Amino acid sequence: IDAAVISNIKLSLGQTIILYVITLSILFLLRKFTYRRLATCLMCIILFQITTLYYRLQIPGFETVIFHKARSSEIAEKKLQKLHVLTEGGKSESIPKDYIRERKISDIKQFEIPKIANFSGKLTLIIDTTGNYYLDDFKPHLLILRNSPRINLERILEKLAPDQVIADGSNFKSYVRKWKETSENKKIPFHYTGEKGAYIIKTDLRH
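For what it's worth, this note's numbering labels the leading residue of the sequence shown as 40, then goes sequentially.
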């Protein structure tokens, strides 16, 4: 019965074990009532509540995630229970449900991926085509490469000197290999989502 199915429940291993113990303690309590069994059941319930509260406190209030998606780009900005999803065209049908469930998201809006952004307090330049990126006094913290732009990355790194270079799953792997080598030669950290998974930027900003 579809209406009786509860889905998208996020439980840690610890919470799952405690739930099994609670179930067993209730069964033993129904079989034979004793104050010791009642106390054990109540203690397990309290322990489950404490564990649940602990995991909720571990959820970051603000963060930016650059997901790995084959042949496409998807960036998510989490602000408390709100999520801004940035995609090409401003619309995605495959927003990661696991992330939404785990981060307790209740409000989702979608936007087009910008060229320049402030992700979790870090000035970010997103390059998807060839162009003039040599702006006066422009020193981005992050450089995101998407859609396999034909660029001279060495020249860009010399001019902009970002703290981190990130390539997502929309790029050709042959391009990614060259970019990685160039970044390593320039002593700039390189993150490819196809190898290291999603790139997460956490922040304590409250605005």
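Glycine included, each C-beta is placed from N, C-alpha and C at the ideal position. Since the model is a prediction, treat every value here as computed from it, not as a measurement.
- By the neighbour-count criterion, in which 16 or more other beta carbons inside 10 Å mark a residue as buried, Thr62 falls on the exposed side.
- DSSP, read as helix, strand or coil, puts Thr232 in helix.
- Judged by beta-carbon spacing, Pro179 lies within the 7 angstroms limit of Leu164, meaning their Cβ atoms are closer than that value.
- Note that the segment 219 to 239 touches the segment 193 to 211; at least 3 beta-carbon pairs, one per stretch, sit closer than 8 angstroms.
- Taking a cut-off of 8 angstroms for Cβ pairs, the segment 138 to 154 and the segment 119 to 127 touch, as three or more such pairs fall below it.
- If you check the CB distance, Glu141 and Lys117 do not come in under 7 angstroms.
- The alpha helix (DSSP H) runs lying completely inside the segment 113 to 175 and spanning 4 residues or more are 136 to 141, given in chain order.
- Taking Glu223 as reference, the option from Ala200, Gly236 and Thr242 with the minimal CA-CA separation is Ala200.
- About 23 angstroms separates the Cβ atoms of Ser131 and Thr242, ruling out a contact at the 8 angstroms cut-off.
- Straight-line spacing of the CA atoms in Ile239 and Leu50 works out to 22 angstroms.
- Residue environment: Ala115 is assigned as buried (16 or more neighbouring CB atoms within 10 Å of its CB, all protein chains considered).
- The Cβ-Cβ distance between Thr169 and Arg189 falls below 7 angstroms.
- C-alpha of Leu86 to C-alpha of Lys136: approximately 28 angstroms in a straight line.
- Scanning Leu196, Asp175, Lys143 and Leu174 for the CA closest to the CA of Leu92 turns up Lys143.
- In chain order, Gly208 place their CB closer than 6 angstroms to the CB of Ala109, counting only its own chain and leaving out the 5 sequence neighbours on each side.
- Residue state for Ser213 is assigned as helix, using DSSP reduced to three classes.
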